[in-house]
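Asker: Structure below; questions to follow.
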Amino acid sequence: MPKQVIFHIDVNSAYLSWEAAYRLQHGAKIDLRNVPSAVGGDSATRHGIILAKSIPAKKFKIKTGETLFSARQKCPTMIIVPPNYELYMKCSNALLKLLKEYSPKIQRFSVDECFMDMTKMDKFWGPPLKVAYEIKERIKKELGFTVSIGISTCKLLAKMASELKKPDGVTTLFLEEIEEKMWPLPVEDLFMVGPATTKKLHSYGIHTIGALAQTDPRFLQNRLKSHGLLIWNYANGRENSPVRENVAFEIKGIGNSTTIAFDIDNLKEAKMVLLSLVETIGGRLRKGGWAARLIAVTFKTSDFRVISHQRKFSTPVDCTNIIYQRVEELFSECWNGEHLRHLGVKVGELCTNDFTQLSLFNWNQERLRKLDKTVDRIRKKYGAKALIRSSFLHSGISPLSGGIIEDYPLMSSIL
DNA sequence: TCTGGGGTCCTAGGACCC
DNA sequence: TCTGGGGTCCTAGGACCC
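The opening position of the first sequence corresponds to residue 20 in this note's numbering, with each subsequent residue numbered one higher.
Okay, here's the thing in structure tokens:
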């Protein structure tokens, strides 16, 4: 089998770059990328965290995920702009379209990252490095933002490579280069080594990717179970998952959750938020042609403890009303009145919602499905908020919540 | 004016069965 | 008289990614 050639394309400070490019096109005088700036949520509704930051903001040690409060303390003059997911979606799609000119085999890893299988593509485009530079320059010229491209023989090393030169870089990281380029890096820079694992590794005296690579894998497996073996393999550049084109039916579950602008302390409001989440989930389920057997509720208390409760039901459902009935039941089984800052609903164990084949129909459910169908049609035609439940009027709670815009590509954390 | 949202996978422990 | 063990399914919680 010939050696694979894999590219990883990573948009530099994606949300911020896209925001900056858009603003320049619309007459902005300054380029957000050249000043301390960030894309962040709204503190007033308790969504106040940094989603993306500029390179000058990085110099102030601003981190993604930290509170705007903390970020402003570090850099009071920082410009913070709100997110615009529709724009990011358009930019992401434009990127994908350009990349598809170079290879048909592309895995969209997230809104701002793609893997490309460039194996045997040299007969069309010449050597990998040459085409990588061409792609990078075209994106800059035609789309107005920079990317970093990593090149290797597997997805993991390609991804690690793209991290090495930012912004606007092309870097190779072949197996024979890992000792020099990857092993000196701090162990937390390795894909799949997060805060919890970093802490454990440090306690074993492992601080670099190289040190991890040279640790006895049995030791790691003892302490960290399968995850220990996984990161040991990654540290040694061992990974061989294929670039897989994203397929809708591979989705395992659908979840929507929301942090409420105020703490909730009564069942009536909690139920309203749950219903608003189920409305969104139901719509997404039916749009994909799925029904779900597993239903789960999650909540976060005002002191940030997370509690979840789930159940597998014998019949799969796709009706908003029935899902809500189950969610209500689950919620009342696990909530003891604590103040809530966040509520979530998830469904899983998906199957096709072709109930005529499953013969799970009953008369009542058929009526509800017709109702859902009508609601879906009206919302599709006139917009999501064209039809809302009257109970939400003047409630201060959004009738449809959770979520992001349609078809937003958020894939998985796994290669 | 303090801490988002949407995913996937893994593990421990309990229930249950043979 | 003095407490099997293996397998599977289920749930809650936690890890990781972007």
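Glycine included, each C-beta is placed from N, C-alpha and C at the ideal position.
Mapping DSSP to helix, strand and coil, what is Phe-204?
Answerer: As written in the sequence, residue 204 is Leu, which differs from the Phe given in the question. Note: Leu-204 maps to coil in three-state DSSP.
Asker: Is the CB-CB distance between Thr-191 and Ile-170 below 7 Å?
Answerer: Their beta carbons are under 7 Å apart, which means Thr-191 touches Ile-170 by this criterion.
Asker: Bridge partners for His-328 per DSSP, in chain order?
Answerer: Per DSSP, Val-316.
Asker: By a C-beta neighbour count over all protein chains shown, 10 Å radius and 16 as the cutoff for buried, is His-361 buried or exposed?
Answerer: His-361 is buried by the Cβ-count criterion.
Asker: Quick check: the region 21–37 against the region 129–149, are at least 3 beta-carbon pairs closer than 8 Å?
Answerer: Touching, per the Cβ criterion.
Asker: How would you label Arg-330, buried or exposed, when you count the other beta carbons within 10 angstroms and need 16 or more for buried?
Answerer: With fewer than 16 Cβ atoms within 10 Å of its Cβ, Arg-330 is classed as exposed.
Asker: Assign Val-297 to one of three DSSP states: helix, strand, or coil.
Answerer: Helix.
Asker: Counting C-beta neighbours from all protein chains within 10 Å, is the total for Cys-110 16 or more, i.e. buried, or is it exposed?
Answerer: Buried, by the Cβ-count rule.
Asker: If you compare alpha carbons, which of Cys-133, Ile-98, Cys-94 is closest to Ala-113?
Answerer: Ala-113 has its Cα closest to that of Cys-133, out of Cys-133, Ile-98, Cys-94.
Asker: What residues in its chain sit with their C-beta under 7 Å from that of Val-336, if we drop five residues either side in the sequence?
Answerer: Excluding sequence neighbours, Val-336 sits near Ala-310, Ala-311, Ile-342.
Asker: Between the C-alpha atoms of Lys-149 and Phe-268, what's the straight-line distance to the nearest angstrom?
Answerer: Going by the C-alpha atoms only, they are around 36 Å apart.
Asker: Alpha carbon to alpha carbon, what distance is there between Arg-386 and Val-58?
Answerer: When rounded, the distance between both Cα atoms is 45 Å.
Asker: My assumption, with CB atoms under 8 Å, is that Lys-174 sits in contact with Val-166. Please give the rounded CB distance.
Answerer: Not quite, the Cβ-Cβ distance comes to about 17 Å (not below 8 Å), so this is no contact.
Asker: Ser-327 and Thr-454 - do their beta-carbons sit closer together than 7 Å?
Answerer: Because residue 454 is not part of the residues shown, which for the chain are 20 to 434, the question remains open.
Asker: Could you have a look at Thr-371 and say whether DSSP puts it in helix, strand or coil?
Answerer: Residue state, collapsed to three classes: strand.
Asker: Count the other CB atoms within 10 Å of the CB of Tyr-401; is the residue buried (16 or more) or exposed (fewer)?
Answerer: Exposed: under 16 other Cβ atoms inside 10 Å.
Asker: If you measure between the beta carbons of Asp-395 and Arg-303, is that distance less than 7 Å?
Answerer: Against a cut-off of 7 Å, the Cβ pair of Arg-303 and Asp-395 comes out as no contact.
Asker: Near Gly-229, what residues of its chain come up, given a Cβ to Cβ distance below 6 Å and the 5 sequence neighbours on each side ignored?
Answerer: The residues are Trp-202.
Asker: Based on Cα-Cα distance, which residue from Val-364, Arg-65, Glu-182, Leu-434 lies nearest to Leu-349?
Answerer: That would be Val-364, whose Cα lies nearest to the Cα of Leu-349.
Asker: Under 8 Å: do the region 198–213 and the region 224–243 share three or more Cβ pairs, one atom per stretch?
Answerer: A contact exists between the region 198–213 and the region 224–243.
Asker: Should Thr-234 and Gly-421 be called a contact, given that it needs their Cβ atoms to be closer than 7 Å?
Answerer: Their beta carbons are not under 7 Å apart, which means Thr-234 does not touch Gly-421 by this criterion.
Asker: Under a Cβ-count criterion, where at least 16 other Cβ atoms within 10 Å of its own Cβ denotes burial, should Gly-256 be classed as buried or exposed?
Answerer: Under this definition Gly-256 is a buried residue.
Asker: State yes or no: is the C-beta of Ile-98 within less than 7 Å of the C-beta of Val-292?
Answerer: No, they are not a contact pair.
Asker: Could you give the distance in angstroms between the alpha-carbon of Gly-367 and the alpha-carbon of Asp-426?
Answerer: Taking the straight line from one Cα to the other gives about 18 Å.
Asker: Could you give the DSSP three-state label for Phe-26: helix, strand or coil?
Answerer: Strand, per DSSP.
Asker: Roughly how many angstroms lie between the CA atoms of Lys-82 and Arg-388, to the nearest whole one?
Answerer: Looking at the two C-alpha atoms, the distance is approximately 46 Å.
Asker: Round the Cβ separation of Trp-354 and Ala-289 to the nearest angstrom and send it over; I've been treating them as touching at under 8 Å.
Answerer: The pair is a contact, with the Cβ atoms about 7 Å apart (cut-off 8 Å).
Asker: For Lys-119, which option in Ile-28, Gly-145, Ser-89 has the closest C-alpha, if you only look at C-alpha atoms?
Answerer: The shortest Cα separation from Lys-119 among Ile-28, Gly-145, Ser-89 belongs to Ile-28.
Asker: Counting only runs of 3+ residues fully inside the region 110–170, write out the beta strand (DSSP E) ranges in chain order.
Answerer: Complete beta strand (DSSP E) runs here, min 3: 125–129, 132–136.
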